[in-house]
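This report concerns only the one structure given below.
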Amino acid sequence: MDYPPIPGTSQIPQSMIAPLPLDDTLPAALTSPNPLSVGSKSIFAFWNSGIFALPPYLLQNVLAWYRRYSPLGWNIYVFDRVEGSPLNVSRYIDTTSPSIIPAAFTNSQLDGSFVGQHTSDLVRFPLLLKYGGVYLDVGILQFGDLNWLWEQVVCNPESPYDFAGYRMGALPERYLSRTLP
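Each residue of the sequence shown is one higher than the one before, starting from 107 at the first, in the numbering used here.
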């Protein structure tokens with residue numbers, strides 16, 4: 107079925123989309139990504155039980171990020187708390203330091219239906235403060251051009267903005283970026 111184009115958007119050329127393996131395995135770049143470096147094009151996300159435990163609709167979303175952004179030099183990191191995992195968040199930030207992570211995380215005292223979401227909230231800022239990059243919840247559908255935002259706003263020394271973010275809401279309360287005080 108052919109759908110009409112969405113006004114204000116353009117199709118990404120097939121040549122700019124990373125291929126996926128045909129055997130249902132995940133790309134190695136997602137399961138054992140490149141070492142993290144400060145200021146690199148990095149997309150961070152978190153799933154408490156690991157990328158292999160993502161529900162199919164969320165895994166497809168992360169794969170869409172990979173296909174769209176890895177050809178542009180982005181690395182995608184879906185951090186977790188799985189013992190022995192190369193993406194265990196404790197390998198990337200000091201989760202034993204109370205000045206970085208609250209004791210509830212360190213002592214595994216987070217519980218309830220939203221433990222994964224709460225854990226994601228607790229690791230988000232330490233990761234961004236240490237490495238820079240972009241943090242997305244695994245459910246974020248990436249329609250906008252994150253690469254343009256990175257190059258033209260975040261990394262551009264001529265840009266008047268020090269921080270970029272967005273939130274949903276009705277105009278005029280919606281914003282894309284702002285200068286930090």
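For every residue, glycine included, the Cβ atom is placed at its ideal position computed from N, Cα and C.
For residue i, three-class secondary structure by DSSP
| i | result |
| --- | --- |
| aspartate 251 | coil |
| tyrosine 241 | strand |
| phenylalanine 152 | strand |
Residues of its chain near residue i, where Cβ-Cβ distance is below 8 Å and the 5 sequence neighbours each way are ignored
| i | result |
| --- | --- |
| valine 203 | The sequence shown places serine at residue 203, not valine. Closer than 8 Å at the Cβ level, and outside the excluded window around serine 203, lies no residue. |
| leucine 142 | Ser148, Asn181, Tyr183, Tyr198 and Tyr237 |
Spatial distance of residue i from residue j (CA atoms)
| i | j | result |
| --- | --- | --- |
| serine 226 | alanine 209 | 15 Å |
| alanine 151 | glycine 222 | 11 Å |
| proline 263 | leucine 255 | 13 Å |
| serine 176 | alanine 134 | 12 Å |
| aspartate 108 | phenylalanine 158 | 32 Å |
| glutamate 189 | arginine 230 | 19 Å |
Beta-carbon proximity list for residue i, same chain, < 6 Å, skipping 5 on both sides
| i | result |
| --- | --- |
| phenylalanine 185 | Phe152, Leu193 and Val195 |
Candidates the options: closest to residue i by CA position
| i | options | result |
| --- | --- | --- |
| leucine 234 | Trp254, Tyr109 and Gly145 | Gly145 |
| isoleucine 290 | Thr137, Asp251 and Ile157 | Outside the displayed range of the chain (107 to 287) lies residue 290, so it cannot be described from this structure. |
| valine 240 | Asn253, Leu228 and Phe249 | Asn253 |
| tyrosine 172 | Val244, Tyr267 and Ser214 | Val244 |
Cβ shell of residue i (< 7 Å), same chain only, five flanking positions each side left out
| i | result |
| --- | --- |
| isoleucine 206 | Ile199, Asp200 and Pro232 |
For the region 161-168 against the region 189-198, are there 3 or more C-beta pairs whose distance is under 8 Å?
-> The region 161-168 is not in contact with the region 189-198.
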